[in-house]
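These notes concern the structure reproduced below.
Numbering (the working numbering), first residue to last: 30 to 93.
Written out as structure tokens, the structure is:
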């Protein structure tokens, strides 16, 4: 959630939380990973939310 709420896209959280990863900030910035999760889901100024495309609600509906 930290990456989502960072207003300046300055965070990157590696997807594999149980694996130790070495991080090079300059390299992350160069390849566009800083704030990339936030961008993909459409959070932030002048971005379009992707929530409507999320099909998780279909799974939850079937669980009822």
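Glycine included, C-beta positions come from ideal geometry on N, C-alpha and C.
In the structure shown, the three-state DSSP call for residue 65 is helix. In this structure, the beta-carbon distance from residue 34 to residue 57 does not fall below 8 angstroms.
Residue 53 and residue 73 have their C-alpha atoms some 24 angstroms from each other. By the Cβ neighbour-count rule, residue 63 is buried, with 16 or more other Cβ atoms within 10 Å of its own.
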